[in-house]
Structure formats: C-alpha cells, structure tokens
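So the sequence lines, in the order shown, correspond to chains A and B. Its first residue numbered 1, the first sequence is counted upward by one per residue in the numbering used here. Its first residue numbered 337, the second sequence is counted upward by one per residue in the numbering used here. In what follows, a structure is listed as structure tokens, so that the remarks can point back to it.
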Amino acid sequence: MEKAVVISHLIKNFEVVEKKPGLVGSIKSFVSPTKKTIRALREISLSVDEGELVGFIGPNGAGKTTTLKILSGILYPQSGFVQVLGFTPWDRKPAYLKQISLVMGQKNQLWWDLPAIESFNLNKAIYEIKDSKYNQSLGELVKLLEVEKFLEVPVRRLSLGQRMRMELIAALLHKPKMVFLDEPTIGLDLVAQQKVRDFIVDYNRRHQATILLTSHNMEDLVGIAKRIIIIDQGKILFDGELADIVSQHATDKIIKVTFSKNVNIASLENIGKIKSLRLPQVELVVPRATAAVAASEILQNFPVSDLTIEEESIESIIRDVFKTGVIKKTKLKKTV
Amino acid sequence: MKKYWSVFKISFVQEFVYKANFIMWRVRNVFQIFIVFFLWDSIFADPGRELFGYNRAQILTYVFGIIVVKAFVLSARAVDVAGEIADGRLTNYLLKPIGYFKYWLTRDLSSKALNFAFATVEVGILYFILRPPLFLQVSPIYVFAFLVAVALAILIFFHLLFITGLVPFWYPEAAWGAQFLFVWVFTEFLSGATFPLDILPIAIQKGLYLTPFPYLVFFPIQVYLGKLGAIEIVKGLGIMAAWIVFLRFTTNWLWHKGLRVYRAEGR
Numbered sequence: 001m002e003k004a005v006v007i008s009h010l011i012k013n014f015e016v017v018e019k020k021p022g023l024v025g026s027i028k029s030f031v032s033p034t035k036k037t038i039r040a041l042r043e044i045s046l047s048v049d050e051g052e053l054v055g056f057i058g059p060n061g062a063g064k065t066t067t068l069k070i071l072s073g074i075l076y077p078q079s080g081f082v083q084v085l086g087f088t089p090w091d092r093k094p095a096y097l098k099q100i101s102l103v104m105g106q107k108n109q110l111w112w113d114l115p116a117i118e119s120f121n122l123n124k125a126i127y128e129i130k131d132s133k134y135n136q137s138l139g140e141l142v143k144l145l146e147v148e149k150f151l152e153v154p155v156r157r158l159s160l161g162q163r164m165r166m167e168l169i170a171a172l173l174h175k176p177k178m179v180f181l182d183e184p185t186i187g188l189d190l191v192a193q194q195k196v197r198d199f200i201v202d203y204n205r206r207h208q209a210t211i212l213l214t215s216h217n218m219e220d221l222v223g224i225a226k227r228i229i230i231i232d233q234g235k236i237l238f239d240g241e242l243a244d245i246v247s248q249h250a251t252d253k254i255i256k257v258t259f260s261k262n263v264n265i266a267s268l269e270n271i272g273k274i275k276s277l278r279l280p281q282v283e284l285v286v287p288r289a290t291a292a293v294a295a296s297e298i299l300q301n302f303p304v305s306d307l308t309i310e311e312e313s314i315e316s317i318i319r320d321v322f323k324t325g326v327i328k329k330t331k332l333k334k335t336v
Numbered sequence: 337m338k339k340y341w342s343v344f345k346i347s348f349v350q351e352f353v354y355k356a357n358f359i360m361w362r363v364r365n366v367f368q369i370f371i372v373f374f375l376w377d378s379i380f381a382d383p384g385r386e387l388f389g390y391n392r393a394q395i396l397t398y399v400f401g402i403i404v405v406k407a408f409v410l411s412a413r414a415v416d417v418a419g420e421i422a423d424g425r426l427t428n429y430l431l432k433p434i435g436y437f438k439y440w441l442t443r444d445l446s447s448k449a450l451n452f453a454f455a456t457v458e459v460g461i462l463y464f465i466l467r468p469p470l471f472l473q474v475s476p477i478y479v480f481a482f483l484v485a486v487a488l489a490i491l492i493f494f495h496l497l498f499i500t501g502l503v504p505f506w507y508p509e510a511a512w513g514a515q516f517l518f519v520w521v522f523t524e525f526l527s528g529a530t531f532p533l534d535i536l537p538i539a540i541q542k543g544l545y546l547t548p549f550p551y552l553v554f555f556p557i558q559v560y561l562g563k564l565g566a567i568e569i570v571k572g573l574g575i576m577a578a579w580i581v582f583l584r585f586t587t588n589w590l591w592h593k594g595l596r597v598y599r600a601e602g603r
C-alpha cells in the first residue's frame, strides 16, 4: 500500500520571548528580552497508509497541532524529512494544496458576515472545481450534514454546531485526499459531536481519504480510529492499535459495590485499593487476575446489595500513560 | 484569473454588509469636502489673490483633486493584513491554492471600485451645489499622464501597506502601531493629502522627493494641474515605476522570511 504520510526525525522548535508579569517586568522584558526555546517536536517519526484514519491524542501543548500544521505546509520544521502524497508540504505547491485540507475546531475560514454559501462559492473558484463536480459535492455534503436550511444565513448567526458543519463543508468541497482535523468536536454538545464523528468515518470510507485527527479527548477516537498515536511533550509515546494499549495498560479492574448496611471500611482495604467512597457505594481497584476472587470475598464477608466488575475507562488508561510517560512493552513502529 | 474575480465579487458584497457604517462613511466624506472647500474658499476670498503660486481655481481644484486621488490611492482594504498575520488568520490562505498578495490586491481594487463609484456621484452633486471655479485639464496627454500616475500611486501605496502589514510576523503586538506611524501619519502629511507640498521650503521638498510619499497624492495632482513639464512628468513616472520594482522585491523578500518564522498561532 502507498504511504500517504511519511515523517522521519521531525524536529520543530519555537522561540518565545518571555514576558515577566507586572509593569516593572514588562519594562525589563522590553529592554532586554529573554528568549526561550520551546521544543515542540523532538524527533518524531511515523508513517500513515493511504486511506487510513489515525487518531492523534495528547494533552494540550503536546505537539499534535504543530504536527498537523507542518504536514499541511503552514510551518517550516527545524529538521527532519516530511512527505505527504509525494510532496514536501511547505513548498505549498498548488497541486498539493488542492489535495489537502485542514480543519481547526477553534478557527474559522468562513466569511463571518456573509451566508456560508458565499464562502463555498469562493472556494469553488479558488480550488478551480468544475460546476458539475461542485454541485454534486456540495449537494452530498449539505445533505449528509443536514444544513440545507442554514445555507443562506449569515455565518455569525449560526450556532457553533451549525458553523462547524459548514466549516467541514468548506474544507471538503474540493474532495481532498488528505484531511487533517484538529479538534473538530471541541466545544460541541454531545449530539453535535456524534454527528461530526459519524460524518468523519463516513467520509473516510466513501472517498478512501486519509484522515489524521487530533483530540485531547479519548472518547472522540473510540469507534473512529483503529490506530492511535499518543504524543506528549513532543514525543510519540505510543503508536498502534487502540485495542493493544487497553490490553497492555488495563492491568486493573474496578469493582463497584453497594452495601446494604454500614461496613468496616478498613477491612475493605485489605481486598483492594479504594478509588472512591460514597457510602453506601464504594469503588475498589483490584488487579485483573484476582478480580473474581476479590469479588467473591466481598460477597461472602460483607452485606452487599449490588456488585459489578468493570473495565478501567480508556480515559484513565491514557492518563496513566501520560503520568508515567512510559509505555509498557511498546512496539514503536519504526518508519523509513 | 477566475479565482481573483470571485474574490473581487465577494469583497464587494462584504462592503455592503454594514449598511449604516457605509452610509456614515460616505456622509463623513461629503462633510470633509465641505469643510476643506470653505476653508480654502475663504482664504482665497479675494479673486485676484495668489498664494504659493496657486490661484483660487487651482487651489480649489487641488482640494477636489485630493479627495478624488485619496479615494483611489489611500483607501485600502489591505490594512487588515497586519491583523490577519498577528492573530493567525493568515493560515486560512496559506492552506489554499491562492496568492496572498494577489488576494489582497484584488480586495483592494474591489474596494476602490466601490469607493470610486460613490465618490464620483458625490463630487458630481457637490460640484453643482458649490459651483467651484474648477480647473479643467483639456490636454488629453496630461489627463492620460494623470491616470497613469494614479495607477502607479495605487501600487506604491499598496506595497507600503503590505510591507508594514508584515511586521507582525516578528512583532505580533506591533500590528497597529507600525501601520499607524509609517502609513497613516507619514502619508497624510508627506503625500500632499493635507496641503500642497510646494508651500514647504525647497530643501525639505527635495528631501521628500527621495521618499515615495509625494508620489502618492501630490505628484498626480500636479500633473493634472499642468504644473509640470513633459520631462518632469516622465521622470516622475519613471521614479514611481522604480519604487514599485524596489518595493515589490522587498515585499517578496520579507514575505518569504516572514513565513519561516510564522507561528500560525492564534485565537
């Protein structure tokens, strides 16, 4: 299979001028500014196959957005090799730009004061989309995202969810082969989030487009991306199947018990670590291997009205990865 | 280029969005003309009076000329470049197969076209109300040279604006300051948009001509008024062309340097 994205030993630094707080601080930084180098990306390497949908996850400032910006040609790296669809992104050749798109959840490209349809028509001209292709593409996107009613409403009067869907249309009218999505669901309510997620999966399938999606929210990626890349402080911590990381890291299970009478909490601590205590409900963390034994012990020795054994949430697994900064038994994919 | 024609059209539509703003702006223009007209009209109340080599008809033509030339040259949309770079909106354009410089030049011309349409009507109406003794240039060669000068002035000013708009690549906070100082303060005083430059001492005038500013407003009007000989006109137009070439290279150079340090941060 063809590689859509190849990144090798990519480094990106930012120089920032530190601003000290207060008036005296401001004057000091004005007279003799102190510069600091931020290492946004520290030699990352990865590759993505054509048609793949990959989730990028990491906390704020991890380097996700920086990576997408380099891939879409907006930023120049310090060093390293990058190729997307056979192009060097920052050359920004029209032939390349016509095949890609970057959607940022927190930015907008639509003309604020005008109806979205005006921006779409402008993009049609900019990307030199043929009439027939444009009409077909617009019709399909408008229907999928259910925005027929809002096409003629000035963008500034749309809700965030409606606007985000319009942003997606504007970004996809030219049917890009490579789509970068930066936090596309940020700020949306649950229903709108789900709509956008479904749409992304659908778009990926329908057009065999390669999609790189970032999020700081794990839930965003479950059920969308099979492969995830975890990035923190400019380094890749994990690159592989979502299922793998769960099996590697979910070493514990959670027992949720509701008691029918007051119990001696101290004796519970012999069985497992207490995660939360809201009597009569208690959550215990126990090793995966001994979960069944622990459960039966509780049932025998305590007045239990309800008991369930649950998996750790993916969210907390990821948090654990970030906290420790290490991946157990990681098989980091080597590229190039 | 079809894509720039689309930019031209959407830019035109955008101008009409804030209707009240638009009307107020036009009203302000008309009042400005009134004020300047009555000021100079009273200074030259005595019909035989001549000051700094200007008689009544010429100074009033100069005043009307300022309004027309300013409407063309100094009204520019590209003031937004600085803001777009500072707050990261530039990213939107870098992602698309469109030239940022050409994009803004197109928006500028679109705004000028609109401005021109309205200015013509306004000046026409005011002409019939005030009946000023305007000086009509009859020589087609002078009129032609005037039009060429205005076209070149538009390009010079656009470049100046664009170059100062690039400052935020390095100093994002300076977006407004740089433009205000270098473009508005300097051009307003040094271009002849406030008073005819030939009332200044010769030495200062000579110094001024080493900058591009007098060519923005003063020079084109001088051409129209027939105050310059053929050689001076050709020389002036040549210098303007040279400025454009120089500014074009500077813009290009700064733009590519700027993109390297562009952080694409923002909102």
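Note that beta-carbon positions come from the ideal geometry of N, C-alpha and C, so glycine has one too.
For E420 (chain B), the enclosing alpha helix (DSSP H) covers residues D416 to A422.
Rounded to whole angstroms, N391 (chain B) and L375 (chain B) show a C-alpha spacing of 14 Å. Within chain B, R599 have C-beta atoms less than 7 Å from the C-beta of F14 (chain A), given in sequence order.
Closest by C-alpha distance to M218 (chain A), out of A:Y76, A:P77, A:S316 and A:K36, is A:S316. The C-beta of T427 (chain B) comes closer than 7 Å to at least one C-beta of chain A.
Counted as a single uninterrupted DSSP element, the alpha helix (DSSP H) harbouring T500 (chain B) occupies residues P476 to G501. Within the model, the alpha-carbon separation for V196 (chain A) versus M576 (chain B) is close to 54 Å. The CB of R92 (chain A) comes closer than 8 Å to the CB of L430 in chain B, given here in chain order.
By the beta-carbon neighbour count (other beta carbons within 10 angstroms, threshold 16), A600 (chain B) is buried. By the Cβ neighbour-count rule, F585 (chain B) is exposed, with fewer than 16 other Cβ atoms within 10 Å of its own.
Counting only unbroken stretches of 4 or more residues, the alpha helix (DSSP H) elements lying wholly within the stretch 520-596 of chain B are 522-526, 538-544 and 554-561, in sequence order. One Cα belongs to K338 (chain B), the other to K20 (chain A), and the distance between them is close to 50 Å.
At a cut-off of 7 Å between C-beta atoms, I434 (chain B) counts as an interface residue with respect to chain A. When the beta-carbon positions are compared, L102 (chain A) and V84 (chain A) stay at least 7 Å from each other. Below the 8 Å Cβ cutoff, chain B contributes no neighbours of K28 (chain A), its closest Cβ being approximately 16 Å away. In this chain, the beta strand (DSSP E) harbouring G80 (chain A) covers S79 to V84. When Cβ pairs closer than 8 Å are counted between the two stretches, the stretch 290-303 of chain A is seen to touch the stretch 245-257 of chain A, the count reaching three or more.
Counted as a single uninterrupted DSSP element, the alpha helix (DSSP H) harbouring D131 (chain A) occupies residues D131 to L144.
If you draw a straight line from the Cα of P433 (chain B) to the Cα of L122 (chain A), it comes to about 12 Å. Straight-line spacing of the CA atoms in T37 (chain A) and Y598 (chain B) works out to 15 Å. With 16 or more other Cβ atoms from the protein chains shown falling within 10 Å of its own Cβ, L53 (chain A) counts as buried. Put simply, of A:I74, A:H216 and A:G223 the residue whose alpha carbon is nearest the alpha carbon of I230 (chain A) is A:H216. When secondary structure is reduced to three states using DSSP, T251 (chain A) falls in the coil class, being assigned neither helix nor strand. For F522 (chain B), the closest C-alpha among the options B:A510, B:Y507, B:T547 and B:L536 is that of B:T547.
7 Å or more divides the Cβ of P59 (chain A) from the Cβ of G73 (chain A). The residue from A:V48, A:Y134 and A:V16 with its alpha-carbon nearest to that of S8 (chain A) is A:V48.
Counting only the Cα atoms, F358 (chain B) lies some 30 Å from M164 (chain A).
Contact between L173 (chain A) and Y127 (chain A) holds: CB atoms are separated by about 7 Å, below the 8 Å threshold. Within the stretch 192-223 of chain A, no residue has a Cβ lying closer than 8 Å to any Cβ of chain B. When secondary structure is reduced to three states using DSSP, V263 (chain A) falls in the coil class, being assigned neither helix nor strand.
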